[in-house]
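Notes to accompany the following structure.
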Amino acid sequence: QVEADLAQTVRPGWLSRWGKTRRHLTLGPLVGMGMFGQVIQAKLKTPAGNITVAAKAVRRRDIQCYRNFYREAAILVAVHEDQHHDNLRSNIIQLLGFINEPTHKYILMEYASNGNLLRLLRQARRQVGPQSLPRHLRYAVHIARALQELQRLALTHRDVAARNVLITAHHVAKLADFGQARDVYTAVQYVPNDKHGIEQPAKPKDNVKNEVFPLNWTALESLETGEYTCQSDVWSFGVLLWEIVTMGQEPRYHGNDQPTCQQLARTLRRGIRLRRPPKCSVEMYDVMMSCWRESPPTRPGPDEVEMKLVHLRNAMI
Ligand code: ADE
Numbered sequence: 613q614v615e616a617d618l619a620q621t622v623r624p625g626w627l628s629r630w631g632k633t634r635r636h637l638t639l640g641p642l643v644g645m646g647m648f649g650q651v652i653q654a655k656l657k658t659p660a661g662n663i664t665v666a667a668k669a670v671r672r673r674d675i676q677c678y679r680n681f682y683r684e685a686a687i688l689v690a691v692h693e694d695q696h697h698d699n700l701r702s703n704i705i706q707l708l709g710f711i712n713e714p715t716h717k718y719i720l721m722e723y724a725s726n727g728n729l730l731r732l733l734r735q736a737r738r739q740v741g742p743q744s745l746p747r748h749l750r751y752a753v754h755i756a757r758a759l760q761e762l763q764r765l766a767l768t769h770r771d772v773a774a775r776n777v778l779i780t781a782h783h784v785a786k787l788a789d790f791g792q793a794r795d796v797y798t799a800v801q802y803v804p805n806d807k808h809g810i811e812q813p814a815k816p817k818d819n820v821k822n823e824v825f826p827l828n829w830t831a832l833e834s835l836e837t838g839e840y841t842c843q844s845d846v847w848s849f850g851v852l853l854w855e856i857v858t859m860g861q862e863p864r865y866h867g868n869d870q871p872t873c874q875q876l877a878r879t880l881r882r883g884i885r886l887r888r889p890p891k892c893s894v895e896m897y898d899v900m901m902s903c904w905r906e907s908p909p910t911r912p913g914p915d916e917v918e919m920k921l922v923h924l925r926n927a928m929i
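Counted the way mature numbering (1 follows the signal peptide of the UniProt record, and there is no 0) counts, the sequence shown spans residues 613 to 929.
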């Protein structure tokens, strides 16, 4: 029953438009493991031939994983059914369909053969070194465009970070992992003593660890109130820039101690931010710092961030 309720949260008729059967799919190796889902490389049979896809399955058969699965499904359907959506230009991972059988549930998406950006950054640290910055900044420009697409649709991603950016065979960055994403209008309203079936915004709990909740990527106001907006995604984007410039270091405010949510919020209220990494230009750090302004409306929009980054990158190459 819970599952039936969850399935209703996806747009009506979604399965007739996006549903595939298991006969269309041949599973291959496991390529990724997250909190709620696991990703398997697979072959999908289509009228145009076989294509390689990434099939995301629930990690465990429990309610939290199922909820996450249907949320991600709902968001991806909303993105892909928008009349202005263009798969060829989009910087959001392409949805190819779903399999929704009682024991076999998969979100099928385009396979990004260059893997996630965090892994790529750490690899480049050993192999290429800091001269790869212009290439990695192009990926940041792509993700700034993905945030513009989401802003237009009034969706928030809530987990913008290098680990959730995938790189295609053609070196295009695509925003992925929409399991935490929400609709701005329904999710942000705070309803005291939820009696109406409207979900409370999830406020990070004070005991959560970084692996569970991305505290160090989260905007100040989201830590304090659990409210997420397009501007709080811009904050996380600033941390993504910091990850790029440091070639995949882990953002930390307090040395090796992971602060609690409240401690971190106090630190940020005092005006403390991630420090300028060595070799990071003042101009680049200015862009990051503008994403981390205390007041959300004073942060640049994703379009403005894109322009600044294109400009900085052109001056480099
Ligand atoms: N890991 C997680 N999602 C993936 C995808 N869509 N393509 C390749 N690797 C992935």
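Cβ atoms here follow ideal geometry from the backbone N, Cα and C, with glycine treated the same way.
At what residue ranges does the segment 706 to 782 contain a whole run of the alpha helix (DSSP H), taking only runs of 4 or more? 729 to 739 and 745 to 764
Considering K920, what are the terminal residues of the alpha helix (DSSP H) in which it resides? P914 to M928
Between which two residues does the alpha helix (DSSP H) harbouring Q843 extend? Where Q843 is concerned, the enclosing alpha helix (DSSP H) stretches over C842 to V857.
Could you name the residues of the same chain whose beta carbon sits closer than 7 Å to that of H716, not counting the 5 residues immediately before and after it, in chain order? Correct list, in chain order: R634.
The ligand ADE and I652: does any heavy atom of the ligand fall closer than 7 Å to the residue's C-beta? no
At what residues does the alpha helix (DSSP H) containing A666 begin and finish? First-last for A666: G661 to V670, but that is the beta strand (DSSP E), not the alpha helix (DSSP H).
Nearest-angstrom beta carbon gap, A756 and S744 [assumed within contact, 8 Å]: So it is not a contact: roughly 19 Å between Cβ atoms.
Option nearest Q874 by Cα separation, candidates A686, H782, D915 and A831: A831
So the candidates are E918, E839, T621 and T837; which of them puts its Cα closest to the Cα of A758? The shortest CA-to-CA distance from A758 to any of E918, E839, T621 and T837 is the one to E918.
Which of helix, strand or coil DSSP assigns to A788: In the three-state reduction of the DSSP assignment, A788 falls in the coil class, being assigned neither a helical nor a strand state.
Simplified DSSP state of D898, which is helix, strand or coil: The answer is helix: DSSP assigns D898 an H, G or I state.
Rounding to the nearest angstrom, what Cα-Cα distance links I891 and Q650 in this structure? For the record, residue 891 in the displayed sequence is Lys; it is not Ile. For K891 and Q650, the distance between alpha carbons rounds to 36 Å.
When you compare each of V740, Y718 and H748 to N728 by their alpha carbons, which one comes out closest? Ranking the options by Cα distance to N728, first place goes to H748.
Roughly how many angstroms lie between the CA atoms of D694 and A686, to the nearest whole one? 12 Å
Using C-beta distances below 8 Å, list every residue in its chain close to V622, excluding the 5 sequence neighbours before and after it, in chain order. Around V622: Y682, A685, A686 and V689.
Hey, out of T768, M900 and G709, whose CA is closest to R629's CA? The residue with the shortest Cα to Cα distance from R629 is G709.
The ligand ADE and I687: does any heavy atom of the ligand fall closer than 7 Å to the residue's C-beta? Result no, Cβ not under 7 Å from the ligand ADE.
The segment 891 to 910 / the segment 768 to 778 touching (three or more Cβ pairs under 8 Å): no
Would a C-beta distance cut-off of 8 Å place A666 and M721 closer than the cut-off? The answer is yes: Cβ separation under 8 Å.
At 3 residues or longer, what runs of the beta strand (DSSP E) sit wholly inside the segment 864 to 899? List check, beta strand (DSSP E) in window: nothing returned.
Does the Cβ of H754 have 16 or more other Cβ atoms within 10 Å, making it buried, or fewer, making it exposed? buried
Taking the continuous beta strand (DSSP E) assigned at L639, which residues delimit it? Where L639 is concerned, the enclosing beta strand (DSSP E) stretches over L637 to M645.
Alpha helix (DSSP H) segment containing T658, residue limits: Counting along the chain, T658 falls outside any alpha helix (DSSP H), though it belongs to the beta strand (DSSP E) covering G649 to T658.
Residue nearest to M645 in terms of C-alpha spacing, selected from R672, L787, P912 and A785: R672
V670 classed as buried or exposed, judged by whether at least 16 other C-beta atoms fall within 10 angstroms: buried
Please report the distance separating the alpha-carbon of L921 from that of G850. 11 Å
Opposing strand residues paired with G631 [DSSP bridges]: Under DSSP, the beta-bridge partners assigned to G631 are F710.
DSSP-derived helix/strand/coil call for R683: helix
CA nearest to the CA of L642, picked from L730, Y723 and Q760: Y723
The ligand ADE heavy atoms versus the CB of A666: any closer than 7 Å? For A666, the CB falls within less than 7 Å of some heavy atom of the ligand ADE.
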